[in-house]
Structures are given as structure tokens and as C-alpha cells.
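Below: one structure, written as C-alpha cells.
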Amino acid sequence: MKRKARIGIVTNKMSEQVYNHLEQKAQTNELSQYIISLVEKDLQNSFLQDQFFLVKSELEEMHSTINKMKKVFRQNEEVNVLANDETLVNLEVVSDEEVSKSGFEESVEMDF
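Count along the sequence shown starting at 1, add 20, and that's the number in our numbering.
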């Protein structure tokens, strides 16, 4: 695209306050730099807004993943609690007197 040497602004569609502000900038030879800086800020804001939505999307995805992981951990804890409640070994302590009364004898063989 070929650049024009000058670009005009329609002044009859702006408020008096805006016109006076731009006129003041023009009189001090700051109008071009002022408009350039406004456009650069606008472009920067657009870039930052795009980056914000990208980061927001990533955070939402991460939040969803964390919630899924929490659910799996809770399920695993429930399974572990059930597994700990059910044991193959009876850990009840029986006194020697009870053993001799009931005739219960215990023998343990260990093979190392």
C-alpha cells in the first residue's frame, strides 16, 4: 500500500472539547506524535486483550484438569479406605486364659 503524505480529519463531527485539544496539539507541532502514540496504545491494548483471552483459556483448561485430578484422588482415597477396612489378618488380641479355656492352640511356622 502506498502511503499518503497527509491524512485529513473531519472536524465537524467531533465535540468542541476534542477539537480544541487537537488544535492545541497541532499548534505546538505535537499532533502527529500524539495521534501516533494513541494508535500505538490502541494496538498494544488489542494485543494485550488477545493475550489475556489466551491466558484465561489456558487457566480454565488447567482448572478443569485440576478438578479432574482431585476427583481421581478422592476416588483413590475411598478405595484405599475400603481396602484398609478389609483385611485378611484378624488382629484381635486373645489372652492366654481364653486360649486355654477354648482349647485354641496357635502354631506359627515360618519359612525363611
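Ideal placement from N, C-alpha and C gives every residue a C-beta, glycine not left out.
Asked                                                                                                                                                      : Found
Looking at C-alpha atoms only, which residue of LYS45, ASN40, ILE55 is the closest neighbour of ILE27?                                                     : ILE55
Using the three-state DSSP reduction, which class does ASN96 fall into: helix, strand or coil?                                                             : helix
Assuming THR48 and TYR39 are in contact, meaning their beta carbons sit under 8 angstroms apart, how far apart are those beta carbons, in whole angstroms? : Actually they do not touch by this definition, with Cβ atoms about 15 angstroms apart.
In the structure shown, what three-state DSSP assignment does MET82 receive?                                                                               : helix
Which first and last residues belong to the alpha helix (DSSP H) in which ALA46 is found?                                                                  : 36-47
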